[in-house]
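Report on one structure; see the data block that follows.
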Amino acid sequence: MSVPGLGRGPGSKNILQSPRVDKTLKILQCNINGISSQASRVKLDQLLDLAERLSAQIVDLQETKLRKTTPLKVRGYSVFRTDRGDANGGGLALLIRDIKFRAIDIQADEDTDTEIQGISFVWRDRLIKVFNVYHPPNNKQLQANFNNITGENIIILGDLNAKHPMWGCATQNARGNELVNFVDDGGFIVLNDGSLTHSSYSYNTSEALDVSIISPDLQPLCNWSVLNNIGSDHRPILLEINRKQKSHVNRARFWNFSKANWGVYRLYSESLFTGEKKHDKLVEKWLAFKNNIIKSTKKVIPRGFVKRYVPFFEHNSLTLRPLLEKRNTLESTRNSTGIMTEEQRIQLNKVNAEIKRADALSRRKKWEKLCGNLDPKTPDSRLWRIAKGLNREDIMSERTNTILDPAGYMTHNDKDAANALATHYQKIGSLDFSETDRHTQRKARAVVHGCRTTDSKEVIFTKEFSLQELEQALSQMDWTKSPGPDGLHGRMIEHLGPVGRQSLLDIFNLSWRDVRLPRDWKRSIIIPIKKPGKEAGSPESYRPIALTSIICKIMERMILARLKYFLDLNDLLDGAQYGFRRGHGTTDQVLYMCQKIRDAQNNKPTNHSIAVFLVLSKAFDRVWKHKLIIKLHEYGRINDRALAWIHDFLGRRVVRVKYNNTLSVICKISQGVPQGSVLIAILFAIYLTGIEELLTRRCEVGIFTDDIVLWKSGAQVEEIESDVNLALGDLREFADHHKLILNANKSYVSFFTTNKKLYNYEPRVRFDGQNISTVKHPKYLGFLLDPEFTCNKHIESLITKSRRRLNILKYISGRDWGANAETLRTTYIALIRPILEYGLPVYFCASDSNLQKLERVQLSAARIITGLRNSCPNKIVLYEADLQPLRFRGGAGLEKYFNKLISYGSHNRTSLFLRGWKSNQRLKKNSPMSLATELNLISREVECHSLKNCINPSEGLLGVFFHTELQQAVNKADTVPALMKQMALQLINEIPGVDIQIYTDGSKNEENQSGSRIYIKTPREVRKIKLRNPDNCSVFRSELLAIEAGLEAILNENNYGAVWILSDSRSSIQHLKDWNNVGDRTGISILKLLRHIDVDHEVHIQWIPSHVDIYGNEVADNLAKQGTTEPLCSTPSLTFDEIYSIRKNKDLKTWRVPPSSDWLDRLTSAEIINHCKSIFSRHGIPDVVRSDNGSQFDPVKTVEFKNFAKSYGFTHILSSPKFSQSNGLIDAAVKTIKARIKKSRDPYLALMAYRATPLENVLPFGIAYG
């Protein structure tokens, strides 16, 4: 049983009960005379506004004047374009909505200028064809294909510049006669009633140039009328087919969570869960839980319908409405021949200009409001939505807006389209089985049956879930995700109270015991998202996004934690698999492969490498579930309830496709791992287990989920090719046994060598009897490779992509009304800089000239952020934008990356390789690891970081409680210290006297000496402990060391109640609370101590506010400060975060020094002229230069400065020799600067101090740079 219509989740009842609306077919026709510029788009906005008010389904445009590279996005419409190409003018476009159409193929005729495009669609069981035509005013004849238009239900609309009295022209021309012959020969009817449709502002004439032609069978149904002017020289025309068609209005509903009263929701839901009767069966328990959530949600959260998009043009606004009425009044003053007086023409042009200006101002205000709401705290997700809206890369021209069935026929409604997609996805998951495969199926069933009937020795697979495991899973959930078919939104679960969460845990444990899932958990809603640049008619063009139950995802996350712990503990996953594994990333995989190949190139003789990049077709959908069950049991050693639950999780799954808010029929999915599942990555990784062992007999291999690359290096190309082909044969056998399909057409091979003679060599690599195509510059995991690993191609791709993103900065920046500099900087950091830095650990060894290209992109962004001109020096621009040069950031980032990588040890294949790597550098160009070694980026003393969970999730820390808030949540920045002290003391005073209180604190002084201090209050005594930590140890780690020391100090205590650790470091508590992901040595030690103590005692780790005069906390704080002066007992290793912090602070200290100014060593004319030239090159040549009467400037004694002023074109004014007070402003400025320099040993600090001194009406920046 599903609950329809909850959240944004779809529901069948919502669709069936959608109101039916009877609509007539309406088409707006207009020669819009250009929409390529922002100023001309106001005409399209008016036309779209008109279409919205008239409920028109088709907007037929001529003379769009769009080039092929010019984007045209119209929200709510499908756009079908026919652009003229490189020539100016012309262009056709059809904007379609609420109709399923398909483009008509029309052969272009190069001998004529006639432009034709056509679409076909079904309206009231009639197949109607609409043709949009245009021909410029020349002497060429109409296209031959135009004369071939025949048949029934034909509509021809457009501007052919044909003149004839038949449609209202005063004169006739050759094309008019040609068009009349076409109408007569084809038996068509012209709908024009003689109304004037075109007015020439230049010649003050009006004619009927726009024609509407139909076949006779439509004539009785048609109404035709000319509408008011929209600013174009052609008036829009409305064609209405009076044959109504019923259609569903599928309006999506949503929960308005922004208006939810979560306090009432929690209280009401708690009362429902408390009062419900006990249920022993899973289905009854699940339905009761779901109904309680629904009742609580309906009580306190309002619902609404998603509003239909309305065009922006505000025709009823106080500004635009009078102008539109005035334009209509002026248009009505034309005489019967369409002629206006000169004064009326001038007035009309003025009104059109005022309409454009008013529309632009209205848009500007709306944009200003949007930009005004952006600030550094704006979530990246919102910035991404804006970026997507501003994206101009997709030209957006569609030849159809519906799905074509397998026979190539168009589906005529959303229901049929959804069913076609559902059938397509169902076929993908259908596998062919032989008689031999039946044995595998029987074996899998026997394995599952054994798991249901026998007990396992592995407690982790049988033990029921604890509340702590549930809390861990809930903390890792993204509550903004869309709900599944059950309609339960994540926000509803997030705000459940303790009774509701216990009820949820009971459902999970009941499902675990019964090894069964409720039906709702095995249902999915698939949302097809069209891939950019793909045809809308093909089901292959859509990326399926599966929406599954949020509740099931929570349980999957708990199971995933147990599986990962068990698999990591026993090293059961292939080391070559990097996909979605903790401490494994795409950069690690690319670095491993690149370094291996580069090392081969450094050998003597030079080794060549062949790499094959393989693509698995529909990998997740083709997972054979019976084979997966066997591999889980044999390779993963997973059994008992875990394996039986996964078996039921994979079986009897159904999907429905939601297309344009319409649901398809239910389709059963027999094979595959469910898309959208939390377990999908780990299950697929186990499914591919064994592939590494199979391929590494002959080649190296790298796997990232379903992306596979294998490569081989050697001195003899023939031997390499042989080994690679043999490895591909082994892979083919593996794929056949696993029902996987390797797509040879999408796979490719690359050849890496430093031998120029072999640079264009194409390896002879075959798969399944087919040659694999060679790609010289392959793209792997987002990194563009090249034969010699110069990284220039990758850097070029980063520059191209980031420069496109720079348009976003340009759009949201404005001289008078754009976003402020801080918002622009935040946008750059969130959307553009990550592109520039992707793959840095691999490409940082590129040449300086290539790296400098990336710096130039950031410099362009800095100029947009600051608004500084090109004359301003680069250093100053970056300094004012507060953007470190990429080489500064890169140095610290690389040091962190390599030290973090090496700290993983044997848990990461790239880390293990780096630890044992030795340089064989022979070539001039460095490899990533050789350059990292040369720059001392790798510390062999870095503290190890474990990627394995040290706590068994099934055992957990059941007696440990983490409290990151007081009894009431407070924001330290906004709360009065006295109130926080009162709340903290109230909590502390409630701690029983038999409990142990441990106050911890960490401190660090300006010399980077750190200490930890612990104040322990036991029932019998008070103890104080001081520790000196390693130099440069972070405050965060000092806090953890204090907690560790406090726990160690009470290990021998007895006869006490609970343990309370009171720390003012919220981040430390949050770090320990997420114990599934703790990998640092100190954190692991603390968790082990907690695990030892919580066997007999409860442990509470409580946050308390600092510096609010709480006695124990202040004592610990003072002790910590004293500890920084204690002698250092040992020198333990630093963590990679601390190493990064040292380098980052060092670079920041260097970076924070303001850009240098020029200082004069000598006062000669030549020296002064050189420095003046330097200043002028930065800030521009001034109109007037004032100076005193120094000999350097005296035109009598020397002519150098005089000639300089003449050549540079500025006026030089000297102060009067007999009235030196006239130069008092300059003298005063000089005296001030001299005094500053005398007081300071460093002239740059003196300048910075002067620059930071505010003066009236002068900005500090202006003091230093004018």
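In terms of numbering that gives the first Met the number 0, the sequence shown has 1068 at position 1069, counting the first letter as 1, and numbering is strictly consecutive.
Backbone N, C-alpha and C fix where the C-beta goes; we use that ideal spot for every residue, glycine too.
Checklist entry - Based on the DSSP output, what are the partners of residue 206 in its beta bridges? => result 197
Item to check | Where the alpha helix (DSSP H) containing residue 1069 begins and where it ends | outcome: 1065 to 1072
Checklist entry - Looking only at its own chain, which residues have a Cβ that is under 7 Å from the Cβ of residue 815, when we skip the five neighbours before and after it? => result Bear in mind that a pLDDT of 49 at residue 815, under 50, signals an unreliable position, so the number given afterwards is only what the model happens to contain. Once the five neighbours on either side are set aside, residue 815 has no close Cβ partner at all.
Checklist entry - Do three or more CB pairs link the segment 160 to 170 to the segment 296 to 306 at distances below 8 Å? => result no
Checklist entry - Between residue 908 and residue 574, what straight-line distance do the alpha-carbon atoms span, to the nearest angstrom? => result 6 Å
Checklist entry - CA-CA distance, residue 905 and residue 1132? => result 18 Å
Next on the checklist: Can you give me the C-alpha to C-alpha distance between residue 537 and residue 404, rounded to a whole angstrom?
Outcome noted: 8 Å
Checklist entry - What does residue 92 pair with, by DSSP beta-bridge criteria? => result 60, 80
Checklist entry - Among 684, 672, 727, which one has its Cα closest to the Cα of residue 697? => result 727
Checklist entry - Taking the continuous alpha helix (DSSP H) assigned at residue 1137, which residues delimit it? => result 1135 to 1150
Next on the checklist: With distance defined between alpha-carbon atoms, name the residue in 576, 769, 836 nearest to residue 700.
Outcome noted: 576
Item to check | Same chain, Cβ closer than 6 Å to residue 675, neighbours up to 5 away in sequence not counted | outcome: 545, 547
Item to check | Cβ contact check for the segment 833 to 843 and the segment 793 to 804: 3 or more pairs under 8 Å | outcome: yes
Next on the checklist: For the pair the segment 657 to 665 and the segment 410 to 422, tell me if three or more CB-CB distances fall below 8 Å.
Outcome noted: yes
Next on the checklist: In chain order, what are the residue ranges of uninterrupted beta strand (DSSP E) at least 3 long that sit wholly in the segment 569 to 640?
Outcome noted: 607 to 614
Item to check | Proximity to residue 1039 [Cα-Cα], best of 1108, 1026, 704 | outcome: 1026
Checklist entry - According to DSSP, is residue 1178 helix, strand or coil? => result helix
Checklist entry - Leaving out the 5 sequence neighbours to the left and right, which residues in its chain are closer than 6 Å to residue 440 when beta-carbon positions are compared? => result 625
Checklist entry - Can you name the residues that DSSP bridges to residue 1011? => result 1001, 1026
Checklist entry - Exposed or buried, what is residue 266 when buried is set at 16 or more other beta-carbons lying within 10 Å of its beta-carbon? => result exposed
Item to check | Inter-residue spacing [alpha-carbon to alpha-carbon] between residue 243 and residue 222 | outcome: 13 Å
Checklist entry - Under the rule that 16 or more other beta-carbon atoms within 10 Å means buried, what is residue 28, buried or exposed? => result buried
Item to check | Assigned exposure category for residue 1148 - 16 Cβ within 10 Å defines buried | outcome: exposed
Next on the checklist: If the criterion is Cβ atoms closer than 9 Å, does the pair residue 62 and residue 30 meet it?
Outcome noted: yes
Checklist entry - Would the segment 502 to 519 and the segment 462 to 473 be scored as touching if the rule is three or more Cβ pairs under 8 Å? => result yes
Next on the checklist: In this structure, how does DSSP classify residue 349 when only helix, strand and coil are distinguished?
Outcome noted: helix
Checklist entry - Mapping DSSP to helix, strand and coil, what is residue 740? => result coil
Checklist entry - So, are the CB atoms of residue 525 and residue 543 less than 9 Å apart? => result yes
Item to check | Pick from 409, 270, 553 that is closest to residue 470, judged by C-alpha positions | outcome: 553
Checklist entry - Rounded to a whole number of angstroms, what is the C-alpha to C-alpha distance between residue 939 and residue 901? => result 8 Å
Checklist entry - Grouping DSSP H, G and I as helix and E and B as strand, with all else coil, what is residue 303? => result strand
Checklist entry - What distance in whole Å lies between the Cβ atoms of residue 647 and residue 1269, which are believed to be in contact at a cut-off of 8 Å? => result Residue 1269 lies beyond the stretch modelled for the chain, which goes from 0 to 1265, so this question has no answer here.
Item to check | Residues bridged to residue 449 (per DSSP) | outcome: Answer is none; residue 449 lacks a bridge partner.
Next on the checklist: In the DSSP output, what is residue 1210 paired with across the bridge?
Outcome noted: 1183
Item to check | Nearest to residue 1214 (by Cα), restricted to the options 1203, 1186, 1197 | outcome: 1186
Next on the checklist: Contact between the segment 230 to 240 and the segment 260 to 277 is defined here as three or more beta-carbon pairs at a separation below 8 Å; is this criterion met?
Outcome noted: no
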